[in-house]
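These notes are about the structure you will find just below.
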């Protein structure tokens, strides 16, 4: 109860105080209301101004955002276009590089062919020069012979004229003697002068007619052989060369040719490979090729041609030089002429006209770096020889070796005009120089000399048109 009273008294004290405070507050707020509204109005204006600025800034930000979005889209489009351009450029570069590679290969092939053409033109020029020299020399010799024969004919004619004049003088003296005898008989008829025997009545003088003069002239004319010997004696030269000797173009020495020798039957040589036409696919690869460097080389084979030129028998190419060793005769060369190339552009031109008769022939081409000597044997006969051809040279190993085509690049670059058309058999290669006895044994079908480094058994790839036959004897092969 006491507590209630204390609480009530406290409320009675506090309520008047609150009412008094409230009345005082109302009186004070009425005095301060006007400045408050002014402040409120200014704040509202500032808020509106701030709102406008904010809206302006927001609009600017929105515009910038739209621009950045457009820029991103444009950048993405440009990136896609640049990628497409880069792809096109890469494709163009690849195409250009391919074209450049083809162009470089074509330029190399053209340069290679131009070098070969220059070499062939040089060979033809040398051959033409030599032939011209021979023709001029033969013309001079014939002119000299004609002059000598003409001189002999004139001398004979003079002798015949002198003989006719002498005959006339003899007959004239006979007539004078007859007249003197008649005068003596008239001076002493019936008797004769001592020691004098009457001469018989002289016959009529016989004057030589045209036929008699021609017969006498033929009797006095020298024999053709004696005329040639006499002409050579007058010129201070030797006798003219016999028909059996010949000259091998390209610096090969002239070698007397023996009479032809029959090869007889040649059997058991192994497979016969026939190249039916000039297709670039008609080629045989021999593998492995040369395993070591060669300072000597012997190439022997039985060959039968089916065209008017030899074509390429063998081609050895390396990365350094696609004509390290070549035996080829193009259709643009002299028929039967073969270029023996070692380390292009050095070559020798060999005469192989004997091979163009469509029959089987045995050939051996031998070279050694010692003094650069080389020999060409055809059917056991030495046809050409020479020296100082790649003296001290060494054929490198590791190249590509093919038969029937010439390589313008390692393992390729074949040309129809350089193809071999015909047949091969018994082919073998040695890294030494064969001696004549070994060559002769090969030509009559005896076994191979020892040391052959490659034969047709090393054929690793044969063109699809090249025909292979196993003939017992060469004469039986179609």
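Residue numbers (full-length UniProt numbering): 1 to 478.
A virtual CB, placed ideally from N, CA and C, is assigned to each residue, including glycine.
The structure presented is a predicted model; accordingly, all values stated were derived computationally and were not measured.
Item                                                                                                                     : Value
Beta-ladder partner(s) of residue 488, from DSSP                                                                         : Residue 488 falls outside the range modelled here, since the chain spans only 1 to 478, and no answer is possible.
Residue 467 in three-state terms, based on DSSP                                                                          : strand
Simplified DSSP state of residue 286, which is helix, strand or coil                                                     : strand
Assumed close pair residue 296, residue 387 - CB separation to whole angstroms, cut-off 8 Å                              : Actually they are not in contact, since the Cβ atoms of residue 296 and residue 387 sit about 14 Å apart, beyond 8 Å.
Per-residue DSSP class, three states only, for residue 377                                                               : strand
The stretch 264-271 contacting the stretch 393-404, beta-carbon criterion three pairs below 8 Å                          : no
Euclidean distance between Cα positions of residue 328 and residue 418                                                   : 7 Å
Option in 435, 139, 444, 310 with minimal Cα separation from residue 450                                                 : 435
Continuous beta strand (DSSP E) stretch holding residue 303: start and end                                               : 296-305
Residue 280 versus 85, 34, 411, residue with shortest Cα-Cα distance                                                     : 411
C-beta contact flag for residue 350 and residue 338 at 7 Å                                                               : yes
Per DSSP, cross-strand counterpart(s) of residue 312                                                                     : 328
C-alpha gap between residue 398 and residue 74, whole angstroms                                                          : 60 Å
Nonlocal neighbours in the same chain, by C-beta distance under 7 Å from residue 267, ignoring five residues either side : 445, 472, 473
Spatial neighbours of residue 323 in its chain, beta-carbon cut-off 6 Å, leaving aside the 5 residues before and after   : 341, 344
Burial state of residue 82 (16 or more Cβ within 10 Å)                                                                   : exposed
Rounded straight-line distance, which links the Cα of residue 176 to that of residue 166                                 : 15 Å
Contact belief for residue 469 with residue 448 at Cβ below 8 Å, rounded distance in angstroms                           : No, residue 469 and residue 448 are not in contact; Cβ-Cβ is about 20 Å, not under 8 Å.
Sheet register partners of residue 362 (DSSP bridge)                                                                     : 302
Extent of the continuous beta strand (DSSP E) run through residue 454                                                    : 452-455
Member of 50, 420, 35 whose CA lies at the smallest distance from the CA of residue 308                                  : 420
Opening and closing residue of the beta strand (DSSP E) in which residue 372 lies                                        : From DSSP, residue 372 is part of no beta strand (DSSP E); its letter is neither H nor E.
Close-in-space but distant-in-sequence residues of the same chain around residue 300 (CB under 6 Å, 5 per side omitted)  : 364, 428, 442
Contact check, residue 377 vs residue 303, beta carbons under 7 Å                                                        : no
Coil, strand or helix - residue 460 by DSSP                                                                              : strand
6 Å CB neighbourhood of residue 249 in its chain, flanking five on each side removed                                     : Reliability of the predicted coordinates at residue 249 is poor, the pLDDT of 37 falling under 50, and the value obtained from them is presented with this limitation in mind. Contacts found: 127, 349.
Nearest-angstrom Cα separation, counted from residue 289 out to residue 459                                              : 10 Å
Residue 472 - DSSP class collapsed to helix/strand/coil                                                                  : coil
8 Å contact criterion, which residue 367 and residue 389 should meet: CB distance rounded                                : 7 Å
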